[in-house]
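Protein chains in written order, with the numbering used here: chain A, 67 to 273; chain B, 67 to 273; chain C, 67 to 273.
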């Protein structure tokens with residue numbers, strides 16, 4: 067696999083950029099962030115210290131990813147999506163807020179599961195998990211955990227259905243679902259959607 | 067008309083920038099995009115390959131315009147507005163998604179009609195038409211076609227009224243409306259608002 | 067206090083940057099803007115001419131602050147928050163809109179009160195006041211005035227409660243409230259929440 071490509075206008079302050087990853091104009095990746103192999107980090111994305119991004123992740127233009135966020139393999143982060151890590155922010159420069167911000171105990175981490183999609187301009191609240199292969203619609207404001215394969219929309223975001231790993235909508239029927247597009251099968255138990263066969267991302271474990 | 071102005075920090079990779087257009091700091095316009103004359107493209111806007119922008123369009127700071135978007139003459143795109151072109155995005159780096167992304171059949175184009183306004187931080191879903199002189203409120207998430215002269219707000223965006231070409235609200239009355247501001251007249255037929263006299267943008271056809 | 071720090075990639079066109087303020091990568095602050103001391107202006111923030119920002123304000127990544135906005139001491143502006151100043155925007159390049167945009171009478175200023183917090187990706191409508199120590203939730207779209215210490219969420223934003231200067235939720239009880247976190251006391255009168263003792267930001271008036 068080729069070395070990473072870094073656009074001349076990008077600021078990349080971490081050595082931890084995986085092979086084959088492309089980093090485009092005006093991106094800023096801070097020291098201490100980790101970006102896996104074969105990712106695509108588009109224009110003006112900002113990735114703060116402490117962020118961990120897996121393999122084959124697509125980060126579109128203008129995305130803001132703050133400390134405490136982990137993005138697993140194969141996820142899609144749409145343009146201008148924004149993450150957060152502080153439920154009750156105040157300016158850390160206020161003298162009486164210094165004690166809170168002197169340590170990182172205020173920080174509430176969020177994890178975006180394998181293969182999940184975050185829509186354009188979505189807002190992801192702090193301290194959440196976006197399940198594997200879930201889909202957050204464009205413009206949604208997520209304030210609660212999203213289960214795997216669930217599709218959420220709106221402000222606040224609420225579930226309106228389920229999606230396959232290939233992103234097609236699933237029709238649940240008596241405890242099971244088969245994707246009309248790719249024919250992957252799922253079992254449904256109490257609202258939880260689980261693939262019958264594990265969903266393979268990269269057949270080779272080693273990039 | 068003067069030549070285009072391009073700020074020294076802007077990346078402009080297309081030769082198709084019209085006369086009199088101003089392009090400000092940290093803007094990136096990719097090869098294959100077309101921007102008409104007399105436009106104003108503000109800080110950090112991103113315009114992808116394949117985008118077509120007409121005459122006299124204002125693109126405010128931080129706007130993200132992806133492939134497949136056409137913006138007609140005289141439109142206003144507010145700060146941080148975001149466009150989309152894929153209803154069911156997954157990371158194109160996922161091996162099983164390669165077939166989908168190998169061609170552009172997934173791409174759903176959107177058109178913003180002449181003179182329309184897209185509010186700040188609005189999100190425009192894929193495959194839509196925003197009608198001429200329509201107005202999308204700040205923060206709206208548009209998931210359906212917007213008819214000409216219609217004002218939409220909210221997430222999902224819904225119609226709450228009509229606006230004149232000059233942007234004033236219209237009061238519909240028994241099949242007609244006259245703008246209290248500029249006195250343009252409209253006929254109303256089944257919810258469709260049509261100007262009695264064509265709305266002239268630039269009197270001269272040739273810039 | 068130390069002089070301001072300005073990242074080499076930032077464009078700072080105003081001399082009015084206070085001591086101790088830090089300005090990070092790809093920020094653009096235009097001529098005629100005023101930024102007070104001890105602020106933190108994060109990556110790619112855009113601050114237009116005429117903006118006034120007080121002391122100890124935190125402006126996170128990607129924030130867009132247009133002319134007419136005043137941000138008082140100790141406020142927090144979350145990532146990708148967007149301000150507006152025109153309720154009925156059209157492209158100023160349209161010939162028949164030139165009269166409107168020839169003066170600044172269209173401009174509706176907004177003020178963010180001392181210590182208030184604006185959440186990530188929030189949208190602030192024009193001509194508003196966000197009261198002191200108020201909190202606008204992430205993703206909220208604010209279209210009405212927000213009273214001091216009020217917490218608003220959603221699109222359109224609506225009040226769901228009250229917060230202390232330290233950002234903890236307040237429980238109102240028979241005309242008073244005491245913060246369970248910091249023990250500041252408030253009196254409640256017809257929905258208005260007022261601190262019993264003035265909330266001190268910086269004990270020294272002179273930086």
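Beta carbons: idealized from backbone N, C-alpha and C, even for Gly.
Check                                                                                                                                                                                                   : Outcome
Less than 8 Å between the C-beta atoms of residue 99 of chain B and residue 85 of chain B, yes or no?                                                                                                   : no
Mark residue 138 of chain C as exposed unless 16 or more other C-beta atoms lie within 10 angstroms of its C-beta, in which case mark it buried.                                                        : buried
Given that a residue counts as buried once 16 or more other Cβ atoms are within 10 Å of its Cβ, and exposed if not, what is residue 81 of chain C?                                                      : exposed
Kindly say whether residue 162 of chain C, judged by its beta-carbon, lies nearer than 8 Å to any beta-carbon of chain B.                                                                               : yes
Grab the span of the alpha helix (DSSP H) containing residue 242 of chain A for me, first residue to last.                                                                                              : Unbroken run through residue 242 of chain A is the beta strand (DSSP E), 242-244; no alpha helix (DSSP H).
Taking CB distances under 8 Å as the criterion, tell me whether residue 77 of chain C reaches chain B.                                                                                                  : yes
Could you work out which residues of chain C lie near residue 73 of chain A, taking near to mean beta carbons separated by less than 9 Å?                                                               : Within 9 Å Cβ-Cβ: nothing; residue 73 of chain A doesn't reach chain C, min ~13 Å.
Can you pull the chain C residues whose beta carbon is under 7 Å from the beta carbon of residue 189 of chain A, in chain order?                                                                        : 186, 187, 204 and 205
Excluding five sequence neighbours on each side, which residues of the same chain lie with their C-beta closer than 8 Å to the C-beta of residue 122 of chain B?                                        : 102, 103, 104, 105, 139, 140, 267 and 268
Threshold first: 4 residues or longer. Then list the alpha helix (DSSP H) segments lying entirely within the region 167-225 of chain B, N to C.                                                         : none
Rounded to whole angstroms, how far is the Cβ of residue 117 of chain B from the Cβ of residue 89 of chain B, which I believe are closer than 8 Å?                                                      : Wrong, their Cβ atoms sit about 14 Å apart, outside the cutoff.
Put residue 261 of chain A into one of helix, strand or coil per three-state DSSP.                                                                                                                      : strand
Quick check on the burial criterion: 16 or more other C-beta atoms within 10 angstroms. Buried or exposed for residue 249 of chain A?                                                                   : exposed
The region 132-162 of chain A: which residues have C-beta closer than 9 Å to a C-beta of chain C, in chain order?                                                                                       : 132, 146, 147, 148, 149, 150, 152, 153, 154, 155, 156, 157, 158, 159, 160, 161 and 162
Please specify which runs of the alpha helix (DSSP H), each continuous and at least 4 residues long, are wholly inside the region 94-176 of chain C, giving them in chain order.                        : 164-168
Pull up the distance between the alpha-carbon of residue 190 of chain B and that of residue 209 of chain B, whole angstroms please.                                                                     : 7 Å
Return the residue from the list C:219, C:188, C:255 and C:215 that minimises the CA-CA distance to residue 149 of chain C.                                                                             : C:188
Taking a Cβ distance cut-off of 8 Å, strictly less, list which residues of the region 87-106 of chain B are near chain C, in chain order.                                                               : 91, 92, 104, 105 and 106
Between the region 245-262 of chain B and the region 217-234 of chain B, do at least 3 Cβ pairs fall closer than 8 Å?                                                                                   : yes
Closer than 7 Å between beta carbons: that is the criterion. Which residues of the region 246-267 of chain B meet it against chain C?                                                                   : 267
List the residues that DSSP assigns as beta-bridge partners of residue 227 of chain C.                                                                                                                  : C:217
Along chain B, in chain order, which residues have C-beta atoms closer than 7 Å to that of residue 330 of chain A?                                                                                      : The structure shown has nothing for residue 330 of chain A, since chain A only spans 67 to 273.
What does the alpha-carbon distance come out to for the pair residue 279 of chain B and residue 83 of chain B?                                                                                          : In the structure as shown, chain B begins at 67 and stops at 273. Residue 279 of chain B is therefore absent and cannot be evaluated.
Strictly under 8 Å for the Cβ-Cβ distance: is residue 115 of chain B near chain A by that measure?                                                                                                      : no
Can you give me the Cβ contacts of residue 225 of chain A inside the same chain, cut-off strictly under 6 Å, excluding the 5 residues immediately before and after it?                                  : 216 and 218
Hey, how far is the Cα of residue 133 of chain B from the Cα of residue 156 of chain B?                                                                                                                 : 17 Å
Expressed to the nearest angstrom, what Euclidean distance is found between the alpha-carbon atoms of residue 192 of chain A and residue 212 of chain C?                                                : 23 Å
The beta strand (DSSP E) that contains residue 251 of chain A, what's its start and end?                                                                                                                : 251-255
Per DSSP, what kind of secondary structure is residue 82 of chain B in: helix, strand or coil?                                                                                                          : coil
Verify the CB distance criterion: does residue 127 of chain B have a CB-CB separation below 8 Å to chain C?                                                                                             : yes
Please classify residue 270 of chain B as buried or exposed, where buried requires at least 16 other C-beta atoms within 10 Å of its C-beta.                                                            : exposed
Return the residue from the list B:203, B:174 and B:253 that minimises the CA-CA distance to residue 185 of chain B.                                                                                    : B:203
Measuring CB to CB, does residue 223 of chain A end up less than 8 Å from residue 206 of chain A?                                                                                                       : yes
Hey, out of A:164, A:198 and A:77, whose CA is closest to residue 261 of chain A's CA?                                                                                                                  : A:198
Can you find a CB in chain C that lies within less than 8 Å of the CB of residue 183 of chain B?                                                                                                        : yes
Give every residue of the same chain whose Cβ lies closer than 8 Å to the Cβ of residue 152 of chain C, excluding the five residues on either side of it in the sequence, and list them in chain order. : 172, 173, 174 and 192
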